[in-house]
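A short write-up of the structure that comes next.
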Amino acid sequence: MAGKMQLKLWNALNDIDASSITAENIRAWIYEFLHLFLSALMAHALTVKRWFVSKPIGRRQRRKVSVLTVYFLIQLVFYVKLNVDTHNTHELDSAQTPVFPCERTPEEAKALRELFYDVREVLNELEIHHFLMYGSIWGAYRSKGPLPWDYDIDLGVLGDEAFSKIPREKFVRAFQERGIRVNDKMHQASVFYLIRGKFAQVDLDVFFDYNGWMQRTGWVPWVLYYNYKSYHTFPAWMVQEPMPTMQFFDVQMPVPHGGKEILKYLYPKDWETPFTPAACQGNDITLNTQTEPTEIDR
């Protein structure tokens, strides 16, 4: 069983077409890998249990159990490493630059901007409070919009407020009526991927308040508990309304309280370092920076 799973994963990796790589596909591949990996671990555990309870255990079976146990431990170490090392970091941006170009074409930039405006308008119509998150916060600081090499826009919403009172069908339909494809991944990592065309995508991350800490839900945060606890969790006071704003495109967008404090929770390893991917350095990219958000509560 484990061998078949590994063969399936290997075939899937061999079938990857570089031209088809998108943020959505990358996440789907990660989720598929986690599913296959955990299934393989379960299969190994059940096999070991079956061998141990069978009587008698001969030398050949003991050898199989030993080999299987070592293999199980290797996979366990790999899982722990995946849980610890897969985090929000500029290194991820650097690794993506061969796939995602340093600058969008005018058509791609227009498509992303128009999608952002439409998503924002839908959320306003539904009276769902939303704010910039993840790399889009960096974008607001460094370019008053998406970073030139970023391939999507990240928005956060509060799952405990208006969002929770709207039927899922109504929520999804509101976007679909504007020609936006909705990839509902609430069960995986409490996120909606809002997509139009090939290059325009907005990630809508849903956060819930757990004892004063904002967290995402779903089976992926449960499986990668340490990962999501370390890189996707932040104090609830940072998103209390009213929130400060920063310019993003030509509108003022809410951002978490505390200035760059939120980045310490999302990018703990390198949040202080202004970053340009290695493949994009020397490309004469102009960044129109702004200093601090307009704090309403100051």
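Counting along the sequence shown from 1, when you hit position 162 you're at 178 in the numbering used here, and nothing is skipped either side. Built from N, CA and C at the ideal position, the CB exists for glycine as well. Bear in mind that the values here come from a model prediction, so they are computed numbers and not experimental data.
Of the residues the options, which one's Cα is nearest the Cα of residue i?
i: residue 188; options: 198, 293, 166, 79; result: 198
i: residue 227; options: 252, 213, 237; result: 252
i: residue 218; options: 260, 139, 263, 87; result: 139
i: residue 179; options: 274, 221, 260; result: 221
i: residue 273; options: 123, 250, 166; result: 250
i: residue 131; options: 232, 210, 236, 182; result: 210
i: residue 203; options: 225, 234, 223, 184; result: 234
i: residue 281; options: 118, 182, 229, 85; result: 229
i: residue 182; options: 149, 145, 167; result: 145
i: residue 160; options: 291, 254, 193, 269; result: 269
Taking the beta carbon of residue i as the centre, do at least 16 other beta carbons fall within 10 Å, making it buried, or is it exposed?
i: residue 155; result: buried
i: residue 207; result: buried
i: residue 284; result: exposed
i: residue 195; result: exposed
i: residue 201; result: buried
i: residue 32; result: Here the model assigns residue 32 a pLDDT of 45, short of 50, so the residue's position is not dependable and the matter cannot be decided.
i: residue 82; result: exposed
i: residue 148; result: buried
i: residue 86; result: exposed
Might you give, ordered along the chain, the residues of its own chain that have their beta carbon closer than 8 Å to the beta carbon of residue i, omitting 5 neighbours on each side?
i: residue 127; result: 212, 213, 215, 216
i: residue 287; result: 276, 279, 280
i: residue 190; result: 138, 141, 142
i: residue 124; result: 215, 216
Check for me: the beta strand (DSSP E) holding residue i runs from which residue to which?
i: residue 145; result: No beta strand (DSSP E) holds residue 145; DSSP gives it neither H nor E.
i: residue 263; result: 261-264
i: residue 224; result: 216-226
For residue i, which residues from the same chain have a beta carbon less than 6 Å from its beta carbon, with the 5 sequence-adjacent residues on both sides left out?
i: residue 114; result: At residue 114 the pLDDT is 47, less than 50, meaning the model places this residue with poor confidence and gives no usable figure here.
Suppose the cutoff is 7 Å on Cβ atoms and the five residues either side in sequence are ignored; what does the same chain contact list for residue i look like?
i: residue 267; result: none
i: residue 205; result: 232, 234, 236, 237
Start and end of the alpha helix (DSSP H) containing residue i?
i: residue 153; result: 151-159
i: residue 281; result: 277-282
i: residue 242; result: 241-247
* Asked: Can you find at least 3 beta carbon pairs, one from the segment 159-177 and one from the segment 131-145, that sit closer than 8 Å?
  -> yes
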